[in-house]
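Each remark here refers to the structure printed beneath this line.
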Amino acid sequence: MSEGAQHVYTIPPGVPFLDALAAELLRECGDDALALSRMSILLPTRRAARNLREAFLRRSRGKALLLPRLVPIGDIDEEGLAFAAEEAPLAASALEIPPAIPELRRRLLLAELILKLKGHTLAQAVQLAGELGRLIDQVATERIGFERLESLVPERYAAHWQITLEFLKIVTEHWPKVLAEEGALDPAERRNRLLEAQAALWRARPPEGEVIAAGSTGSIPATADLLALVATLPKGRLVLPGLDRHTESDAWEMLEPSHPQFGLKRLIERLGIARHQVEDWPWDGLETSPRARAALIAKAMLPAASTDAWRGLATPPAEALSGLKRIDCPTPREEAGVVALLMREALETPERTAALVTPDRALARRVAAELERWGIEVDDSAGTPLAATPPGTYLRLLAEAAAEGLAPLPLVALLKHPFAAGGEEPPAFRHHGRLLEIALLRGPRPAPGIRGLRAALRALGDAELRKTLAKLIDRLEAALGPLVKLLGRRALAAPRAVQAHIAAAEALAATARLSGAERLWAGEAGEEAAGFVDELEIAALRIRRLEGSAYPAFFASLLGERQVRPRYGRHPRLFIWGPLEARLQHADLVVLGGLNEGTWPAAPPVDPWMSRPMRAAFGLPEADRRIGLSAHDFAQACAAREVVLTRSLKVDGTPTVPARWLLRLEALLRAAGTALETEAPARWLAWHKALDEVPGPPVPAAPPAPRPPLAARPRRLSVTEIETWMRDPYAIYARHVLNLKALDPLDADPGAAERGSFIHAALDRFVRNFQDALPADAVEELLRIGASTFGSALERPGVRAFWWPRFERIAVWFVATERERRAHLAASHTEVRGLLTLATEGGPFLLKGKADRIDRLSEGGLAIIDYKTGRLPSAAEVAQGLAPQLPLEAVMAMEGAFSEVPASAVKSLAFWRLSGGEPPGEERPLKEDAQALAETAREHLLALIRRFDDAATPYEARPRPEAVPAFSDYEHLERVKEWSATGEQGGEGGE
Amino acid sequence: MSIAAISRRDPRIDQRLAADPAASVWVAASAGTGKTTVLTNRVLSLLLAGTPPGRILCLTFTKAAAAEMANRIARELGEWATISDPLLAKRLTELGDATPAGDMLERARRLFAQVVDAPEGLRIATIHAFCQSLLRRFPLEAGLVPHFEVLDERSAAELMERARDEVLLEAQPEVDAALAAALAEVTSHVSEDDFRALMAELANERGRVARALAKAGGVEAATKALYRRLGLAAGESAVEVREKASADESLALSALHAAAAALAQGSAADRERGAAITTWLASSPAERAAHFAAYVSQFLTKDGALRSTLATKAVREASPGAETTLRAEATRLAAVVERLKAAITAKASAALLRLGGAVLAAYEDHKGHQGFLDYDDLILSTQQLLARRGAAWVLYKLDQASTTS
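Line by line, the protein sequences give chains S and Y.
As numbered in this note's numbering, residues 1 to 991 make up the first sequence, in order.
As numbered in this note's numbering, residues 1001 to 1405 make up the second sequence, in order.
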């Protein structure tokens, strides 16, 4: 280190750093309004520069100021090496330093190199490229070369190591060439050069104005060099954040990388000065917490070798502990709720500020959401992933829907996104989207693409609806058609995909009044998204072969790491910061949230190339240094006036381990015979619980029993609905009074009922086609008919594998049975519809029905048959009248209600069970006399009609436990689960 | 050592024995009896003996157990750091069976901070988490994509479903005849829902099925082994079993005719059985095979048990030989029925193996193509990594332990 005085200061943890800095500099300048503008202040981050500007304005109390030059020089774990990318340092403009390569471009170039090695998907290569980029930056930051890699491992392991070396040739051999072609530098390298150039310039010619470097811990070697130089400049000063000058020197000498002071210790060692030579920066009157607090935290952080000293400690003074709370919450839900309450309470005191500091973005999001309970809007200044913002999700959904050929699920997701408008006003578009969903997208999926939608549309019965939807599909085609077509390709150039993606996004987002671009790229997230896609379009130039179907994953993996950071906080007094944003900041109440191992400090990143000792031998910083930096953040934040430490005992159902610093603090206090107070934490948890508590025990809903007016009650039901009416009247109410019908699921597998209907249809057509005589090859004929009634459903693996073989077996049985039966038949009528008007006191009641088959017997009379591919009603159900379908069809047939079938006596009623199993088919005639069954069924039905013609009769939900329907669409609506449990308890009471 | 001897002793003595890190022990005990205490004590003893925290690995089956152990150790060490000398000495004595000497108390006190400062804490993890972290450090050595994605059970099940659907589509006579035959066999036994359940089970046991298939050397070989195991000739079918059992040479013809004649002299039930036997014997071997079940029902109940009465008392007394003949035939038929069941089982299982093997192969294909690893793969790949690359390199790369040895 050069000769001469060094000017090194520190501001202790309990003092707002930037305020103290601003106050003293303003004081020094006194009345000289220009003095400040001659100063240069180097700060670790752009954020710190912005905050210092605000501190100056706060301190000057509104007086007009000419601010000093504020220059961010980069912080070790700051994302994106912001400084190097843009703001030129003091002298850079004069130097010819090549530009930094944009991050996205570097990633794609690296990904391209990785893809040459085979075995990686594009999305994986993109991720891996990010990892390699980080390795390159780390190596550059530490100013070491890759040459040392080769000899890192002893000879006997060379063969194993070779595998990694071979892979890393991407960065050691190929990358430098690519970079040279690009005429650019890696960002970390460029930052080094800028810092070095600056240092060289100042060394040669010390600046005339004051230079103050403040707030940096010098974790980057090139930064540390510059800081060291500033400290020796005639008009230079270096201000350190929270250097500990009180810890005993034995302990100080033993600091390990995970210690909060490790970075600062290294820095002053580099300056060649001792701790006592560092002076206090003047900060009179600004301290927010007693020194005893900082001392307590420092003690808790003692290196392991000194912790046996804990036992000898005196009880810490009360002032060290007052204002320090710890709240252990059951889960993040409670943690977020308690933090929000704490912040809300802070607002009760005028001008009081409060901040949540946490590396856990999910917790941050929860707290922001909890605060909305009181209409308080707070931004998470650590940012939101672009992928989670409205433009981000919109772009992702669009890519997925297009790449999957407008498959129902992604298409519905896209159509319901607030940006989707297709040239209409969004509410109108959404309405049309819902119509499309219900008409075409629910149920089995239509064929792919716009063509598939049009084909499905043609099959639609409702002409009006068809017209409306045709217009919507036109709009969709105009917006999405090109992208869908492009992403359906096996190979295309990436930039074309990006262009088509952007064009489709803008086209679909356009409304009648605004262009898509105006809507989509507006606001902070929109601007970030626009920047991203622009950058991507250029960066993707080198990716010339992309499989269309891989585009969504490719896009998403690049989008993944982009963050949208709010430029200005939305709330003047409440803040949510990440640990980086919290550095050099201060608030009256600081909540440190998510204090669990693995979250804070974060688990060290896994390095697929080198182990921890190998990294050390290579010259990369210890992984523990990151923990040391986190520990410094923690210790600094703990010095706020009021501090609350929170954590969750369980996260995602798994018990957690408290952050090491909490354990240390706990042990230290126990050794000193004391502890943090426990009463307030319990109180806060209880308050949070009380917020959402419903008084009294939960009251389950009673079974519904609505009594609609007579005029609203249905007077036209089918024979199968009569059964429902008996078993579950509420279902009739929901279906015919409320007019509710269950929607099919999206992308549904054709259900068992539908599969049964393929078989019904085949048998119907077969019997119709061969009324007079069966052909010789009847089985083949039936199978041919079956193939056409099954139709495209046969492309479904489940149908082809299970239902078709079943049908084949049924066909053999059916033809054999039919041959025997024909001898006694005059004629067969299949799928015949009938309508019977019953005269009742309440007016006519229409009974409709469709019989699977009515045979006219040669001996006279009718036989009614119902094909069952599923469950048969039991004999008991038939006897009790709970399965009235066949008997009611008999009632109708006897009165000639079936159009094709003249009225006649009914001789037999039978189910034909068509299982396709062993045996494949079975005739199951009802044992009771058909006429008698019909008579009883008619009486029951008339009684039922009469009962519901009384306005006092409710449509009860499942009134008879023994007659509960096997399946119902309305189970959920009836809230069956809620009341049936208590009902059962009552029923079992006798046991 | 008898179990009784153990249970009478003070359990703390056994716990202490098991907690001695110098011994390899297997502890089986019911919940709440102190297994975690034993494990915790072993770790504490190791730490006390100077083992660096980073060199201790504890594997558990659940994340909850891992967190529980970490917390217990931290709690205990936290107390060591703060309690009085006599108390600490007492704790250490209880742990190690010897009075602490030298600077042991001081070392014990420092352990707390040493352990909490360890960059990754103590390595206490579930077996899957451990394998995953190991593979993340050795992706290239393990032949994996560095960013391999771990499939959770749900995604694995979805992928299996996709593989199943693809195989079902392939199982058509014109595409893959063998597969189609296998599918036809399986569908004749189970419904679509049952098949779904069957495939879900296959998915759950995919690791075991894959290993079994690999061990046997493929589906064909596994099928052969299956027939052998069931005591059948290779490919022996139910039809063959029935035919063989109905052939003249398998039947004690004259004795059976004599028994039938004796039955004809008995009660109504005897006469009916006798007539059935006579009719069956009189038909050709091919017809006999076709009506085999009806014949068997004369001797065995529906459940396959020997009927308790094959002839009434009058017949038994009139011709004792008839009873013996009928018993012998019943016993023979019971064995045939067992063999029939075996043949049906073998055929269905072989079909399922073929189908399952194809589904698994399709599943593996998808997984490999996209760089996915399921939970089983984590363990398999770790095993392979250690076997292929040798533990020395793994240890070296983990912490360069071997450079000093």
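Built from N, CA and C at the ideal position, the CB exists for glycine as well.
Computed from a predicted structure; not experimentally measured.
Buried/exposed call for residue i, threshold 16 Cβ in 10 Å
i                : result
R960 of chain S  : exposed
V1116 of chain Y : buried
A318 of chain S  : exposed
N739 of chain S  : exposed
K299 of chain S  : buried
W661 of chain S  : buried
K1347 of chain Y : buried
Range of the contiguous alpha helix (DSSP H) that encloses residue i
i                : result
H1128 of chain Y : 1127-1137
E404 of chain S  : It is not in any alpha helix (DSSP H) - E404 of chain S carries neither H nor E in the DSSP assignment.
P303 of chain S  : P303 of chain S -> no alpha helix (DSSP H), and no H or E assigned at all.
P709 of chain S  : No alpha helix (DSSP H) holds P709 of chain S; DSSP gives it neither H nor E.
Three-state secondary structure (DSSP) of residue i
i                : result
L668 of chain S  : helix
D866 of chain S  : strand
S1237 of chain Y : coil
L836 of chain S  : strand
A88 of chain S   : Summary for A88 of chain S: the model assigns pLDDT 45, below 50, so the residue's position carries little reliability, and this model does not support an answer.
V651 of chain S  : strand
K977 of chain S  : helix
S2 of chain S    : For S2 of chain S, the pLDDT reaches just 43, beneath the cut-off of 50, and the residue's location in the model is therefore unreliable, although a value from the coordinates is still provided. It is coil, neither helix nor strand.
V339 of chain S  : helix
R69 of chain S   : strand
Closer than 8 Å to chain Y by CB, residue i
i               : result
E666 of chain S : yes
L914 of chain S : no
V657 of chain S : yes
P426 of chain S : no
W310 of chain S : yes
M614 of chain S : yes
T869 of chain S : no
R800 of chain S : yes
Q563 of chain S : no
Q127 of chain S : yes
V606 of chain S : yes
Short CB-CB distance (under 8 Å) between residue i and chain S
i                : result
T1036 of chain Y : no
Y1363 of chain Y : no
R1109 of chain Y : yes
P1119 of chain Y : yes
W1280 of chain Y : no
N-terminal and C-terminal residue of the beta strand (DSSP E) that residue i is part of
i               : result
A354 of chain S : 354-357
D852 of chain S : 843-857
W912 of chain S : 906-914
Beta-carbon proximity of residue i to residue j, cut-off 8 Å
i                : j                : result
A1322 of chain Y : A1262 of chain Y : yes
V396 of chain S  : L559 of chain S  : The displayed chain sequence assigns Arg, not Val, to residue 396 of chain S. Against a cut-off of 8 Å, the Cβ pair of L559 of chain S and R396 of chain S comes out as a contact.
T1126 of chain Y : W310 of chain S  : no
R562 of chain S  : P385 of chain S  : yes
A200 of chain S  : L226 of chain S  : no
P608 of chain S  : P1173 of chain Y : no
L926 of chain S  : L886 of chain S  : yes
V1190 of chain Y : L1183 of chain Y : no
A1289 of chain Y : S1319 of chain Y : no
P919 of chain S  : W803 of chain S  : no
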